[in-house]
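When we follow UniProt numbering, the leftmost residue of the sequence shown carries the number 1, and every step to the right adds one. Built from N, CA and C at the ideal position, the CB exists for glycine as well. Here the structure is a predicted model, which is why all the values come from computation and not from measurement.
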Amino acid sequence: MKKLFAVLGDPIEHSMSPIMHNDLFSFYQIDAHYLPFRVKGENLHDAVKGLKAIGAAGFNVTVPHKSKIIPLLDEVDELAASIGAVNTVVNEGGKLIGYNTDGPGFLKGLHAHVPSAVGQKILVIGAGGAARAIYFTLARENPQAIDIANRTLETALKLIEDCPYTNISRALSLAEANQKLAEYNLIIQTTTIGMSPKIAEQPLDLGNLSHKSMVCDIIYNPLETQFLREASIKGAKIQNGIDMFVYQGALAFEKWTGIFPDVERMRENVLQQLG
Ligand code: ATR
Numbered sequence: 001m002k003k004l005f006a007v008l009g010d011p012i013e014h015s016m017s018p019i020m021h022n023d024l025f026s027f028y029q030i031d032a033h034y035l036p037f038r039v040k041g042e043n044l045h046d047a048v049k050g051l052k053a054i055g056a057a058g059f060n061v062t063v064p065h066k067s068k069i070i071p072l073l074d075e076v077d078e079l080a081a082s083i084g085a086v087n088t089v090v091n092e093g094g095k096l097i098g099y100n101t102d103g104p105g106f107l108k109g110l111h112a113h114v115p116s117a118v119g120q121k122i123l124v125i126g127a128g129g130a131a132r133a134i135y136f137t138l139a140r141e142n143p144q145a146i147d148i149a150n151r152t153l154e155t156a157l158k159l160i161e162d163c164p165y166t167n168i169s170r171a172l173s174l175a176e177a178n179q180k181l182a183e184y185n186l187i188i189q190t191t192t193i194g195m196s197p198k199i200a201e202q203p204l205d206l207g208n209l210s211h212k213s214m215v216c217d218i219i220y221n222p223l224e225t226q227f228l229r230e231a232s233i234k235g236a237k238i239q240n241g242i243d244m245f246v247y248q249g250a251l252a253f254e255k256w257t258g259i260f261p262d263v264e265r266m267r268e269n270v271l272q273q274l275g
């Protein structure tokens, strides 16, 4: 029987996940279909119950449901529970198990450029949901330093306090981070600043950036934010958000099917969708 996969979110019409996963199902000759569902917060409980009742094989969860889904699941793995966000659910013999592949997806994408986070001096800009997944995941990799810069300092401090995997982090204002920028060999921009349509903005001016640093921005629309453009002009190595998106999907696909898919194929597909 055809297997059902889904993504639940609100809004959901611009999600690129259905085309990406349906292409993989047909490429690997798996009899399955992946559908987007717009689910309002008050209907999340019923939607999850419904997916379980009809035997959906798995689903993704996106904004704004990544945290609210947790009490509706049968089990949540350790990393997802500590982050407090689930983006991937697997139906294992009738039990819904939640995972977070956003942080691990970022890490896997990073590995294409930086073999290991061990010993790296890392700066995470932003302290929202995406920063949380990336920060907790990288903190487990034994970096030499992993600091958080955020407009609201208390939010950065809270993130550091919540993280069970490190106690070496400092919370910085954006101005402080700007001053210390040359100290970091890996800088990860996780805020929504620079995302279309506000493409002219950037969180830091990058005046003190070392040309030896690597700068990542998790935004993929536009493919090159003002922040990345400037980092590139300064000679730094840059990475946009396509890798994180593709690898979070690849890790979800692997959890559902046991197959780690062709990420180059996924990347091409996503780039085509972005136009
Ligand atoms: P997401 O879940 O996508 O990470 P979020 O939880 O809304 O989104 O977090 C957005 C992040 O972008 C936060 O770190 C936010 O900073 P605050 O904690 O100070 O709100 C940051 N951010 C958004 N717009 C910003 C702006 N104009 N200037 C500085 N930081 C901004």
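In this structure, the beta-carbon distance from residue 256 to residue 57 falls below 8 Å. Per DSSP, the continuous beta strand (DSSP E) segment holding residue 92 begins and ends at 88–92.
The beta carbon of residue 203 sits closer than 7 Å to at least one heavy atom of ligand 1. For residue 64, the CB contacts under 7 Å within the same chain, skipping 5 residues up- and downstream, are 10, 41 in chain order. By the C-beta density criterion, residue 1 is exposed, having fewer than 16 other C-beta atoms within 10 angstroms. Residues 87, 88, 248, 251, 252 of the same chain have their beta carbon placed closer than 7 Å to that of residue 101, with the five preceding and five following residues left out of the count.
When DSSP states are grouped into helix, strand and coil, residue 130 belongs to the helix group. Here residue 90 is actually not in contact with residue 83; their C-beta atoms are around 17 Å apart, not less than 8 Å.
Nearest Cα to residue 209 within the set 230, 171, 128: 230. With contacts defined as CB atoms closer than 8 Å, residue 186 and residue 122 qualify as a contacting pair.
When the five nearest sequence neighbours on each side are left out, the beta carbons in the same chain lying within less than 7 Å of the beta carbon of residue 273 are those of 16, 19, in order along the chain.
Collapsing the DSSP output to three states places residue 229 in a helix. Between residue 53 and residue 37, the CB-CB gap reaches or exceeds 8 Å.
Residue 111 and residue 142 have their C-alpha atoms some 15 Å from each other. Of 215, 265, 165, the smallest CA-CA separation from residue 80 is found for 165.
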